[in-house]
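Written out below as structure tokens is the structure these notes cover.
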Amino acid sequence: MAVDDSGRIGDYAVLCRLGAGAMGTVYLAQSPGGRPLAVKVVRADLADDPSFRERFRREVDMARSVGAFWTAAVVDADPSAERPWLATEYVAGPSLAKAVASHGPLPEASLRRLAAGLAEALAAIHAAGLVHRDLKPSNVLLASDGPRVIDFGIAKAAVAEVGLTATGVMFGTPGYLSPEQITGSSVGPSSDVFALGAVLVFAATGRGPFGEGETSALMYRALHDEPELSGVPAALREFVAACLQRDPSLRPEPAWLLARLRDVVGPPPPDGTWLPTPVRTLVQQRQTELRQLAPPSAPNPTRAYTAVATAPAGGARFRTSRVVAASWGSGSVVGALIAGGAADPASGYGVVGRLVAFCLFIALGIFGIRLLIQAIRPQFAVEVSPDGLVVSRGNERRQLPWAAIARTRVVEHNKKPWLAIWLAGHPSSWPVPATAMFRPYHGGFRVYPIAHERRRPHRDAEARELRAALGWYGRTTYDPT
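Taking full-length UniProt numbering, the leading residue of the sequence shown gets 1, the next gets one more, and so forth.
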């Protein structure tokens, strides 16, 4: 199992699921002393390969020697576990990809600091005998004190000798792959230097050096076209162009890059000020989210809400209210009738007054009828407990153990919150069909409308309580983003 029945991986308590990739699933966990960690658990098919386990063990040992030179340092690992796992420090900051997508390219001062940090990280990785092979914007995290490179070294173990047919995917990211990676030639540290140049172009311009498009087009341009460097600051353009040389032997080493950068980077800025203000806000939001995730030893955050009597170990129940819907619906219809009377020409109101009254009649009428229809329909409910979720609507009831759920998340649909779930395994094995109670939603299902019949403050409060319940009882599946 990736996570044991107590919600732990090794000695670390799992707080929530962060995401999944080609290697496996990543969880946010906490050490016994309270340190936040990112724990990556490899895929089951890779775990079943003895040669992969040996490579994983060897490269974990090498990764430990990298230290913390602008990388997420390795804290612990268990290559012998049923599903091998690796724990690294958790970096409370957005990825470079997220920061640029949200707030645009970085200013020149930030670019210089980014270039120096990434060059130093690559120097440390290469000195440990590792090659990253997939340096890209999503593998660069922006912390308050500088950038961090993640997913180094171990990614190499996932593909070495396992091959394309075993993994079913191509290793690396088009647009950041070096020419030798594309042609299948020998890959070494210079491939990471090429990717560094491509990452800096993205950070400076919001696009890669070979534009956008299909995989084949990006690979062709990387092999035959010159990189597009317009938009890269003049002080860094020669530096970036050197990294993007097609011939690996012409690319500089990270140590040379660091020596050149000393002249343009300048002294270290105060903590956090190397990033522009909007990105610093993203970092602060991540830090706040981390503090809000309740550790397993904290009091149950949902006990103040409706208890589930049928759950022996506790739980929380959420449900829509037909009484509230009927009350608001009836009041709105009465208001619509009053407004309709005021809109009548015989009411004595002027033209403007009757027009306003008519608009109110239409709006309140539609709103009231919708709520009355909602009151007539069967009631929705969701129970969150240590065993999983129970979703019901009227007499229809579905029980979903946590093992059947890959991810839970509170989402917004038509400007209102919903509980959405994504189920584990292949669709043919899913325990539920797509019915009125399980409405398809981006590969998953919308299963519970959160207080849609209530006013916004109550809706927001119930959404917060539901998030707390999901984070407490289903922390291995809960996605807080």
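For glycine and all other residues, C-beta sits at the position ideal for the given N, C-alpha and C.
Throw me the rounded Cβ distance for the residue i and residue j pair, which I believe falls under 8 Å.
i, j, result
"Glu396", "Met437", "6 Å"
"Asp11", "Pro36", "The pair is not a contact, with the Cβ atoms about 14 Å apart (cut-off 8 Å)."
"Val149", "Trp256", "With 8 Å as the limit, Val149 and Trp256 do not qualify as a contact, their Cβ atoms being about 18 Å apart."
"Ala242", "Leu106", "Contact doesn't hold; Cβ gap of about 20 Å is too wide."
"Ala222", "Ile182", "6 Å"
"Met23", "Lys40", "6 Å"
"Val384", "Ala469", "4 Å"
"Val91", "Ala72", "6 Å"
"Leu275", "Ser110", "6 Å"
"Val140", "Ser95", "6 Å"
Would you tell me roughly how many angstroms separate the C-alpha atoms of residue i and residue j, rounded to the nearest one?
i, j, result
"Glu228", "Val193", "17 Å"
"Gly93", "Arg286", "6 Å"
"Glu180", "Leu18", "32 Å"
"Ser191", "Pro252", "11 Å"
"Thr476", "Phe380", "25 Å"
"Pro50", "Glu59", "14 Å"
"Val382", "His132", "44 Å"
"Asp134", "Tyr176", "8 Å"
"Leu258", "Ala38", "29 Å"
"Lys415", "Glu54", "50 Å"
"Arg246", "Gln284", "39 Å"
"Gly350", "Ala357", "10 Å"
"Thr408", "Gly21", "17 Å"
"Leu244", "Val100", "21 Å"
"Arg262", "Thr281", "28 Å"
"Ser178", "Glu238", "18 Å"
"Phe231", "Ala404", "The question names Phe, but residue 231 is Gly in the sequence shown. Going from the Cα of Gly231 to the Cα of Ala404 covers about 48 Å."
"Glu453", "Gly394", "17 Å"
"Val447", "Thr288", "28 Å"
"Gly388", "Arg83", "23 Å"
"Phe52", "Leu46", "7 Å"
"Glu108", "Leu290", "30 Å"
"Pro137", "Val324", "48 Å"
"Ala307", "Pro417", "At Ala307, the pLDDT of 40 sits below 50, so the modelled position is not reliable; the number obtained from the coordinates is stated separately. About 22 Å."
"Tyr126", "His413", "Residue 126 is actually His in this sequence, not Tyr. So the alpha carbons of these two residues sit roughly 46 Å apart."
"Trp328", "Ile9", "48 Å"
"Arg113", "Glu89", "21 Å"
"Ser185", "Gly208", "22 Å"
"Tyr220", "Pro174", "10 Å"
"Pro312", "Leu466", "Interpretation of Pro312 is limited by its pLDDT of 38, a score under 50 that renders its predicted location unreliable; the figure taken from the coordinates is listed afterwards. Taking the straight line joining both Cα atoms gives about 19 Å."
"Leu200", "Asp479", "30 Å"
Determine the DSSP secondary structure at residue i, reduced to helix, strand or coil.
i, result
"His103", "helix"
"His126", "helix"
"Ala424", "coil"
"Asp134", "coil"
"Tyr473", "helix"
"Phe210", "coil"
"Arg454", "coil"
"Ile150", "coil"
"Val91", "coil"
"Thr288", "helix"
"Asp78", "strand"
"Glu253", "coil"
"Ser385", "strand"
"Thr435", "coil"
"Trp418", "strand"
"Thr173", "coil"
"Phe380", "strand"
"Thr277", "helix"
"Ser332", "helix"
"Ser230", "coil"
For the beta strand (DSSP E) containing residue i, list its first residue and its last residue.
i, result
"Tyr349", "Neither: Tyr349 is in no beta strand (DSSP E) and is coded neither H nor E."
"Leu37", "36 to 42"
"residue 486", "Summary: the structure shown does not reach residue 486, with the chain confined to residues 1 through 481, and so no result is reported for it."
"Arg237", "It is not in any beta strand (DSSP E) - Arg237 instead sits in the alpha helix (DSSP H) that spans 234 to 243."
"Thr408", "405 to 413"
"Gln399", "396 to 401"
"Pro449", "444 to 449"
"Ala20", "12 to 20"
"Leu141", "140 to 143"
"Ala316", "316 to 319"
From which residue to which residue does the alpha helix (DSSP H) around residue i run?
i, result
"Tyr220", "215 to 224"
"Asp61", "50 to 64"
"Ala203", "189 to 205"
"Thr25", "Run containing Thr25: none in the alpha helix (DSSP H); it sits in the beta strand (DSSP E), 24 to 30."
"Pro440", "It is not in any alpha helix (DSSP H) - Pro440 instead sits in the beta strand (DSSP E) that spans 439 to 441."
"Gln181", "179 to 183"
Practice item. Inspect the CB distances between the stretch 364 to 372 and the stretch 317 to 337 and report whether three or more fall short of 8 Å. Key: In short, these stretches touch, since the Cβ pair count reaches three.
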